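Residue numbers (the UniProt record's numbering): 1 to 305. Where a beta carbon is used, it is the ideal one built from N, C-alpha and C, also for glycine. For clarity, every value in this text was computed on a predicted model and none was experimentally measured. As structure tokens, the structure follows; a few thoughts come after it.
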Amino acid sequence: MASVVQQWNPDDWETFALSLLQARHGSLNVHKIPATHAGDFGIDYYSTSDSVIYQCYCVEEPIDIDVRASRQKSKITTDLKKIVDRAADVSRIFHGVPVRTWVLLVPVHDSKEVNLHCAKKTEDLRKLGCSHLDQEFEVCVHDQGSFPGAALAAAMSALTNISLNVQPPTQQELDEWQAGSPDLLANATAKLSKRMAPGTVQDVVVGGVELFLRSNALIDALRVSAPDLHEKVASAISSRARRLSYVGPQGGPVPNNIMNTELETLIAAIKGAAPTLSSANAEDIALGTLSEWIMRCPLDFPNAC
């Protein structure tokens, strides 16, 4: 299966995180500390009712697990120093009640090394005996998996931009799919022969399979993380497929013109139905859908299939 991650920028991740934390603690129990005026002293959000601090952090994906873990550990170290150095300020916002938990809130947590680092920093800060930290003070790392599905779906629907990154299918995945779909490959080969030079058709067919698998992975990811958005995208694709089956393709009769016209039409339909979906994701889904239509029909070229 292809690996799928949301492409986050820091502002979107903080917005998303706020929705998750409001679901966890209650909308009136989560407070934000802006970083624009003299820094945030290691706190993005906090809840006095539960004596917990949250620091949001995201890296640019895709990234290697080791690099992600290293950056997360560095962020933990840097921001914990802030809450020690700004002890008086932290104590004031918690009304003198010792803080019990500090959480690094990240999109993806997939390394035990970060847990071990959290354990070490927990011990280090307990030994300091800071009055603004509880004797059982704990450093933790949470990610999206720490929250229920309903909270994730609600937070995702509030985003103004959704951008998913899908790792390309492996060669083994491509080989297995092709081995199980000879009729679809034959159909695509016959059709694409109308628009490609004979020596390039097979490479284009294989490329189409990769586009199809990538598109499916993106659609599956939307189904899980943003079901409302998934429904809108699926409806737009289904509507266009019905029209294509009934009245035929636009842009003909030259195959390349048909392909380009149908691609642009489908991208526009997807973006119209789901404007918060990134343009890159909309194009990837449209390309994969066209590939599927070529393999299965309804997309046809003159004298093909």
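Buried or exposed by the 16-neighbour rule on C-beta atoms within 10 Å, applied to residue i
i, result
"Lys-127", "exposed"
"Ser-3", "With a pLDDT of 46 at Ser-3, under the threshold of 50, the modelled position of that residue is not reliable, and no figure is offered here."
"Tyr-246", "exposed"
"Glu-262", "buried"
"Ala-119", "exposed"
"Val-52", "buried"
"Pro-107", "buried"
"residue 386", "Any property of residue 386 remains undetermined from this structure, which presents the chain solely from 1 to 305."
"Ser-47", "buried"
"Asp-66", "exposed"
"Asp-64", "exposed"
"Asp-175", "exposed"
"His-25", "buried"
"Ser-225", "buried"
"Glu-292", "buried"
"Ala-17", "buried"
"Pro-253", "exposed"
"Asp-79", "buried"
"Ala-221", "buried"
"Pro-255", "buried"
Within 8 Å, strictly: CB atoms of residue i and residue j
i, j, result
"Arg-86", "Phe-137", "no"
"Ile-162", "Leu-277", "yes"
"Ala-188", "Gly-208", "yes"
"Leu-116", "Tyr-57", "no"
"Gln-7", "Asn-165", "yes"
"Asp-12", "Leu-159", "yes"
"Ser-238", "Ala-155", "no"
"Val-233", "Ala-274", "yes"
"Glu-113", "Ala-151", "no"
"Val-206", "Leu-192", "no"
"Ile-285", "Leu-229", "no"
"Gly-248", "Asn-260", "no"
"Leu-288", "Arg-214", "Here residue 288 is Gly; the residue named in the question, Leu, does not match the sequence. Contact flag set, yes."
"Ile-270", "Ala-236", "yes"
"residue 306", "Pro-227", "The structure shown has nothing for residue 306, since the chain only spans 1 to 305."
"Glu-210", "Pro-169", "yes"
"Arg-240", "Thr-265", "yes"
Assigned secondary structure, residue i (DSSP; H/G/I helix, E/B strand, else coil)
i, result
"Gln-7", "coil"
"Leu-105", "strand"
"Val-99", "strand"
"Leu-159", "coil"
"Ile-53", "strand"
"Ser-239", "helix"
"Val-205", "helix"
"Ala-2", "The pLDDT assigned to Ala-2 is 42, lower than 50, so where the model puts this residue is not dependable; a value taken from the coordinates is nonetheless given after this. Here Ala-2 sits in coil by DSSP."
CA nearest to the CA of residue i, picked from the options
i, options, result
"Leu-28", "Ser-49, Asp-12, Glu-14", "Ser-49"
"Lys-121", "Gln-135, Asp-110, Val-139", "Val-139"
"Leu-244", "Gln-144, Leu-229, Ile-294", "Ile-294"
"Ile-83", "Asp-44, Asp-110, Ala-226", "Asp-44"
"Glu-283", "Ala-268, Ala-273, Cys-297", "Ala-268"
"Ser-131", "Ile-285, Asp-183, Pro-98", "Pro-98"
"Glu-61", "Gln-202, Asn-9, Asp-220", "Asn-9"
"residue 315", "Thr-78, Leu-133, Cys-297", "Here the chain covers residues 1 to 305 and nothing more, so residue 315 does not appear."
"Phe-41", "Ser-91, Ala-186, Gln-171", "Ser-91"
"Leu-184", "Arg-24, Phe-212, Gln-167, Lys-194", "Phe-212"
"Trp-102", "Tyr-54, Gly-149, Ser-146, Ile-93", "Tyr-54"
"Asp-110", "Lys-32, Gly-145, Thr-36, Ala-236", "Gly-145"
"Thr-77", "Leu-125, Ser-235, Leu-21, Asn-256", "Leu-125"
"Ser-157", "Arg-195, Gly-129, Glu-231", "Glu-231"
"Ala-23", "Leu-80, Ala-221, Glu-123, Gly-149", "Gly-149"
"Ser-74", "Ala-88, Ile-93, Val-141", "Val-141"
"Ser-181", "His-31, Arg-296, Val-59, Val-30", "Arg-296"
"Val-59", "Phe-147, Asp-143, Val-201, Ala-190", "Asp-143"
Neighbour flag for residue i against chain D, beta carbons, 8 Å
i, result
"Ser-74", "The chain labelled as chain D is not found in the depicted structure, where only one protein chain is given."
Range covered by the alpha helix (DSSP H) that runs through residue i
i, result
"Asp-134", "Asp-134 -> not in any alpha helix (DSSP H); beta strand (DSSP E) instead, spanning 133–142."
"Leu-184", "182–192"
"Asn-165", "Note, Asn-165: premise wrong, no alpha helix (DSSP H); beta strand (DSSP E) at 164–166."
"Met-259", "255–273"
"Val-59", "Segment: none, Val-59 is in no alpha helix (DSSP H) and carries neither H nor E."
"Leu-287", "279–296"
"Ala-179", "171–179"
"Asp-79", "65–85"
"Leu-116", "112–128"
Where the beta strand (DSSP E) containing residue i begins and where it ends
i, result
"Ser-47", "45–47"
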